[in-house]
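Chemist: My questions all concern the structure below.
Residue numbers (this note's numbering): 25 to 364.
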């Protein structure tokens, strides 16, 4: 009987010890799990991404002409005001015509003298050299008269709009730096953008682009690449591209701020949630924690486009990876993590 009771007591002690050991093991496991940073993951994959770039530029007139005589003189009359539309060849300014009238009389005299010389030459009363001298003098006088006429009656060399008027009727024009009028051609207009050299093979004349102007909100205007400059700036590694807008209704004016969007096709890149992007303190580098086999790696990435709540990655994360989107605060490269 005594032996029976000893065996029972021993059995109870053994069972208690077993229960106690199991609890301690579970507690150790729980503590180990609690020590691991808890993260939330997202699966990412590659897909076709539109390669779109936006550039800012200021609208310029297709052509701009300063209207002014080549020499000082009194302004007799200006026929247009700022905002007036003018046609090519239209008379804009009449300068004082006193010198022109005098030059016209001199030209008429030269023509009369040449006719007399021509008649004499025909009947042998004048030599060939005398005839040549008279003809040269007449040609010189005609050229002088034409130049003076051009600088007395100022006409528009283009179809455009008067954008500046710097003098009034009766003013004395004497400044070579300030024109009487400024005429700008605004049908079409152009914008000059600087494009990264990596896109040089992809930009071609005639490419269609989209343009928005702050003054018109989200309304889009269609433009075309009209000129691709053939050289790359060695300092900025960009090249100028000229974009032209038809501007048929003349709603776009020089000086407006525009945003030019150019599409360079599509590329297949990994796309990740913006929550996965981590900025390294003290630098502009960006990183993503990639999860694999219970651990995370700290991968430096090159960002492409931002598309709403996602980022295109040029490099740094492989296709069909799992990335951390929450819980990055306690993470370091190579640390084991617990997935929430």
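We put the CB at the ideal spot given by N, CA and C, even for glycine.
Treat the numbers as computed from the prediction; the structure is a model and nothing was measured.
#1: Look at the Cβ atom of residue 288, then the Cβ atom of residue 229, and state whether they are nearer than 8 angstroms.
#2: Using the Cβ count rule (16 or more neighbours within 10 Å means buried), how would you classify residue 354?
#3: For residue 279, which residues of its own chain have a beta-carbon under 7 angstroms away from its beta-carbon, when the five flanking residues on both sides are left out?
#4: Determine the direct distance from the alpha carbon of residue 285 to that of residue 61, and round the result to whole angstroms.
#5: Give the DSSP-derived three-state secondary structure of residue 335 in the structure shown.
#6: Does the distance from the CB of residue 265 to the CB of residue 213 come in under 8 angstroms?
#7: According to DSSP, is residue 72 helix, strand or coil?
#8: Please list the terminal residues of the continuous alpha helix (DSSP H) segment that includes residue 231.
#9: For the region 193-208 against the region 98-114, do three or more pairs of beta-carbon atoms, one drawn from each stretch, fall closer than 8 angstroms, so that the two count as touching?
#10: Going by other Cβ atoms of all chains shown within 10 Å of its Cβ, with 16 needed for buried, is residue 184 buried or exposed?
#11: Distance check for residue 64 and residue 49, CA to CA, integer angstroms please.
#12: Give, in chain order, every unbroken run of the beta strand (DSSP E) that is at least 3 residues long and sits entirely within the region 237-325.
#13: How would you call residue 136, buried or exposed, if buried means at least 16 neighbouring beta carbons within 10 angstroms?
#14: Just checking residue 338 against the ligand HEM - is the residue's beta carbon closer than 7 angstroms to any of the ligand's heavy atoms?
#15: Among the residues of its own chain, which have a CB less than 6 angstroms from the CB of residue 92, if the five just before and after it don't count?
#16: Which of the three DSSP states is assigned to residue 365 in this structure?
#17: Assuming contact is defined by CB atoms lying nearer than 8 angstroms, are residue 242 and residue 281 in contact in what I supplied?
#18: In angstroms with no decimal places, state the Cα-to-Cα distance between residue 370 and residue 323.
#19: Let's test the definition: count the other Cβ atoms within 10 Å of the Cβ of residue 300 and tell me whether it reaches 16, buried, or not, exposed.
#20: Measure the C-alpha to C-alpha separation of residue 133 and residue 97 and round it to an integer number of angstroms.
#21: Could you name the residues that DSSP lists as bridge partners for residue 208?
#22: Where residue 167 and residue 161 are concerned, what is the direct C-alpha to C-alpha distance, given to the nearest angstrom?
#23: For residue 171 versus residue 210, is the C-beta distance shorter than 8 angstroms?
#24: Helix, strand or coil: how does DSSP classify residue 195 here?
#25: Spatial neighbours of residue 72 within its chain, please: C-beta separation below 7 angstroms, excluding the five flanking residues on both sides.
#26: Return the CA-CA distance between residue 332 and residue 298, expressed in angstroms with no decimal places.
#27: Can you grab the Cα-Cα spacing for the pair residue 249 / residue 260, in whole Å?
#28: Starting from residue 117, trace the beta strand (DSSP E) in both directions and tell me its first and last residue.
#29: If you draw a straight line from the alpha carbon of residue 258 to that of residue 360, how long is it in whole angstroms?
#30: I'd like to confirm the pairing. Which residues does DSSP put opposite residue 67 in its beta bridges?
#31: Please report the distance separating the alpha-carbon of residue 69 from that of residue 109.
#32: Let me know the secondary structure DSSP gives residue 171 once reduced to three states.
#33: Is DSSP giving residue 124 helix, strand or coil here?
#34: Which value, in whole angstroms, describes the spacing of the CA atoms of residue 94 and residue 116?
#35: In the DSSP assignment, the beta strand (DSSP E) including residue 179 goes from what residue to what residue?
#36: Helix, strand or coil for residue 216? Go by DSSP, reduced to three states.
Modeler: Reading from the atomic positions:
#1: no
#2: Around the beta-carbon of residue 354, fewer than 16 other beta-carbon atoms lie within 10 Å, marking it exposed.
#3: 82 and 83
#4: 43 angstroms
#5: strand
#6: no
#7: strand
#8: Neither: residue 231 is in no alpha helix (DSSP H) and is coded neither H nor E.
#9: yes
#10: buried
#11: Its pLDDT being 47, under 50, residue 49 is placed unreliably in this model, and the value from its coordinates should be taken loosely. Their Cα atoms are separated by approximately 27 angstroms.
#12: 244-252, 262-269, 281-297 and 310-316
#13: exposed
#14: In terms of ligand content, the structure shown is empty, and the ligand HEM therefore cannot be addressed.
#15: 203 and 204
#16: Nothing in the structure corresponds to residue 365, since the chain is present only between 25 and 364.
#17: no
#18: Given that the chain is displayed from residue 25 to residue 364, the structure contains no residue 370 and the question cannot be resolved.
#19: buried
#20: When rounded, the distance between both Cα atoms is 25 angstroms.
#21: 88 and 185
#22: Their Cα atoms are separated by approximately 10 angstroms.
#23: no
#24: Look at residue 195 here: in three-state DSSP terms it is coil, with no helix or strand label.
#25: 290 and 292.
#26: 9 angstroms
#27: 21 angstroms
#28: 115-119
#29: 47 angstroms
#30: 346.
#31: 57 angstroms
#32: helix
#33: helix
#34: 15 angstroms
#35: 177-179
#36: strand
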